[in-house]
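This report concerns only the one structure given below.
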Amino acid sequence: MNHLQQTVVNGEVVSPVLPEHIKNYLIDIDGTVCDDIPNEEPERMVTASVYPDALETIKTWHAEGHIITFFTSRTEEHRAVTEEWLARHGFPYHGLLMGKPRGGNYHWIDNHIVRATRYTGTFSPLVKRPATIEVFNDPE
737 MNHLQQTVVN
747 GEVVSPVLPE
757 HIKNYLIDID
767 GTVCDDIPNE
777 EPERMVTASV
787 YPDALETIKT
797 WHAEGHIITF
807 FTSRTEEHRA
817 VTEEWLARHG
827 FPYHGLLMGK
837 PRGGNYHWID
847 NHIVRATRYT
857 GTFSPLVKRP
867 ATIEVFNDPE
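Numbered by the numbering used here, the letters in the sequence shown go through residues 737 to 876 in order.
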(Lines of atoms letter the chains of each structure in order from A; the text may use other names.)
(Lines give C-alpha, C1' and ligand atoms only; values in the text may rest on other atoms or scores of the structure.)
Protein backbone atom coordinates (compact mmCIF):
# COMPACT_ATOMS: atom_id res chain seq x y z
CA MET A 737 0.00 0.00 0.00
CA ASN A 738 1.72 3.15 -1.21
CA HIS A 739 -0.36 6.31 -0.95
CA LEU A 740 2.60 8.65 -1.40
CA GLN A 741 2.08 11.39 -3.93
CA GLN A 742 4.86 12.99 -5.93
CA THR A 743 5.32 16.61 -4.95
CA VAL A 744 6.81 19.43 -7.02
CA VAL A 745 7.79 22.76 -5.43
CA ASN A 746 9.15 25.62 -7.57
CA GLY A 747 9.58 23.20 -10.45
CA GLU A 748 11.65 20.69 -8.44
CA VAL A 749 10.60 17.26 -7.20
CA VAL A 750 10.72 17.08 -3.38
CA SER A 751 9.92 14.33 -0.90
CA PRO A 752 6.52 12.72 -1.57
CA VAL A 753 3.59 13.32 0.80
CA LEU A 754 0.49 11.45 1.87
CA PRO A 755 -2.94 12.74 0.87
CA GLU A 756 -4.68 14.80 3.58
CA HIS A 757 -7.12 12.00 4.49
CA ILE A 758 -4.34 9.50 5.33
CA LYS A 759 -2.53 9.93 8.65
CA ASN A 760 0.95 8.68 9.44
CA TYR A 761 0.63 7.48 13.05
CA LEU A 762 3.86 7.07 15.04
CA ILE A 763 2.86 5.29 18.23
CA ASP A 764 4.93 4.51 21.31
CA ILE A 765 4.62 1.04 22.84
CA ASP A 766 5.51 0.99 26.56
CA GLY A 767 3.00 2.95 28.60
CA THR A 768 0.93 3.73 25.49
CA VAL A 769 -0.36 0.43 24.10
CA CYS A 770 0.74 -1.78 27.01
CA ASP A 771 2.28 -1.76 30.47
CA ASP A 772 5.29 0.55 30.77
CA ILE A 773 8.28 -1.82 30.76
CA PRO A 774 11.83 -0.39 31.00
CA ASN A 775 14.56 -1.75 28.72
CA GLU A 776 16.41 -2.91 31.84
CA GLU A 777 13.68 -5.53 32.48
CA PRO A 778 13.21 -7.18 29.05
CA GLU A 779 11.88 -10.40 30.57
CA ARG A 780 8.66 -8.49 31.39
CA MET A 781 8.11 -7.48 27.74
CA VAL A 782 6.76 -10.95 26.92
CA THR A 783 3.94 -10.68 29.46
CA ALA A 784 3.07 -6.98 29.16
CA SER A 785 -0.68 -6.42 29.35
CA VAL A 786 -2.24 -4.84 26.27
CA TYR A 787 -4.42 -1.74 26.64
CA PRO A 788 -7.64 -2.91 24.90
CA ASP A 789 -8.75 0.57 23.81
CA ALA A 790 -5.36 1.05 22.15
CA LEU A 791 -5.64 -2.21 20.23
CA GLU A 792 -9.16 -1.50 18.99
CA THR A 793 -8.34 2.08 17.99
CA ILE A 794 -5.19 1.04 16.10
CA LYS A 795 -7.11 -1.73 14.32
CA THR A 796 -9.70 0.85 13.25
CA TRP A 797 -7.08 3.32 12.02
CA HIS A 798 -5.35 0.55 10.06
CA ALA A 799 -8.65 -0.59 8.50
CA GLU A 800 -9.34 3.03 7.48
CA GLY A 801 -6.09 3.02 5.50
CA HIS A 802 -3.87 5.02 7.84
CA ILE A 803 -0.17 4.21 8.22
CA ILE A 804 0.71 2.63 11.58
CA THR A 805 4.34 2.74 12.72
CA PHE A 806 5.42 1.87 16.23
CA PHE A 807 8.25 4.12 17.47
CA THR A 808 9.72 2.75 20.68
CA SER A 809 12.61 3.35 23.05
CA ARG A 810 13.20 -0.38 23.06
CA THR A 811 16.55 -1.28 21.51
CA GLU A 812 17.32 -3.50 18.52
CA GLU A 813 18.05 -6.38 20.90
CA HIS A 814 14.35 -6.19 21.90
CA ARG A 815 13.06 -6.30 18.29
CA ALA A 816 12.21 -10.03 18.21
CA VAL A 817 10.28 -10.03 21.50
CA THR A 818 8.49 -6.83 20.45
CA GLU A 819 7.47 -8.19 17.03
CA GLU A 820 6.26 -11.43 18.64
CA TRP A 821 4.24 -9.51 21.26
CA LEU A 822 2.62 -7.26 18.63
CA ALA A 823 1.71 -10.30 16.48
CA ARG A 824 0.37 -12.32 19.42
CA HIS A 825 -1.96 -9.49 20.39
CA GLY A 826 -3.07 -8.78 16.83
CA PHE A 827 -1.65 -5.28 16.36
CA PRO A 828 -1.62 -4.40 12.65
CA TYR A 829 1.26 -2.18 11.60
CA HIS A 830 3.44 -1.12 8.70
CA GLY A 831 6.70 -0.41 10.49
CA LEU A 832 8.57 -0.71 13.76
CA LEU A 833 11.26 1.84 14.64
CA MET A 834 13.50 0.96 17.56
CA GLY A 835 15.77 3.26 19.57
CA LYS A 836 13.57 6.32 20.19
CA PRO A 837 15.48 8.58 22.61
CA ARG A 838 14.48 8.00 26.21
CA GLY A 839 13.39 10.64 28.68
CA GLY A 840 10.42 12.32 27.03
CA ASN A 841 10.23 16.09 26.48
CA TYR A 842 10.28 15.47 22.72
CA HIS A 843 10.41 18.32 20.23
CA TRP A 844 10.09 17.09 16.67
CA ILE A 845 11.45 19.38 13.94
CA ASP A 846 10.38 18.55 10.38
CA ASN A 847 9.52 20.29 7.13
CA HIS A 848 6.11 18.58 7.11
CA ILE A 849 3.11 19.16 9.35
CA VAL A 850 3.55 17.43 12.70
CA ARG A 851 0.65 16.83 15.05
CA ALA A 852 1.26 15.44 18.51
CA THR A 853 -1.16 13.75 20.86
CA ARG A 854 -0.03 12.97 24.39
CA TYR A 855 -1.41 9.66 25.62
CA THR A 856 -2.96 10.15 29.06
CA GLY A 857 -4.64 6.82 29.65
CA THR A 858 -7.38 6.39 27.06
CA PHE A 859 -7.53 6.06 23.30
CA SER A 860 -10.59 7.98 22.14
CA PRO A 861 -11.64 9.89 19.03
CA LEU A 862 -9.22 12.70 18.24
CA VAL A 863 -10.60 16.23 18.55
CA LYS A 864 -9.14 19.60 17.58
CA ARG A 865 -8.37 22.03 20.41
CA PRO A 866 -6.41 25.27 20.47
CA ALA A 867 -2.96 24.85 21.97
CA THR A 868 0.17 26.87 22.56
CA ILE A 869 3.14 25.47 20.68
CA GLU A 870 6.78 26.42 20.23
CA VAL A 871 7.72 27.42 16.69
CA PHE A 872 10.72 29.01 14.97
CA ASN A 873 10.64 32.82 14.98
CA ASP A 874 10.64 33.06 11.18
CA PRO A 875 10.34 36.53 9.67
CA GLU A 876 6.91 37.02 8.10
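For each residue, glycine too, the CB sits at the ideal point set by N, CA and C. In this text, all values refer to a predicted model and were calculated from it rather than measured experimentally.
#1: Among the candidates V782, H802, D874, whose CA atom is the shortest distance from the CA of R810?
#2: Going by C-alpha to C-alpha distance, which of L791, E792, I773 sits closest to A784?
#3: Please report the Cβ distance between I758 and H739, rounded to the nearest whole angstrom; I am assuming they are in contact, meaning their Cβ atoms lie under 8 Å.
#4: Taking 8 Å as the cut-off, decide whether the C-beta atoms of T853 and L832 are in contact.
#5: If you compare alpha carbons, which of L822, I869, A816, E777 is closest to I845?
#6: Quick one: which unbroken beta strand (DSSP E) runs of 3-plus residues sit fully inside the segment 808-861? Chain order, please.
#7: Could you give the distance in angstroms between the alpha-carbon of A790 and the alpha-carbon of V744?
#8: Could you work out which residue in H848, R838, T858, Y842 is closest to E776 when comparing CA atoms only?
#9: I758 by DSSP, collapsed to three states: which one?
#10: For V750, which of helix, strand or coil comes out of DSSP?
#11: What are the residues that DSSP puts in a beta bridge with V769?
#12: Is it buried or exposed, I849, if we count other Cβ atoms within 10 angstroms and call 16 or more buried?
#13: Looking only at C-alpha atoms, which of G857, N847, N746, H814 sits nearest to V753?
So, to answer that:
#1: V782
#2: I773
#3: 5 Å
#4: no
#5: I869
#6: 831-833
#7: 37 Å
#8: R838
#9: coil
#10: strand
#11: Bridge partners of V769: none, in fact.
#12: exposed
#13: N847
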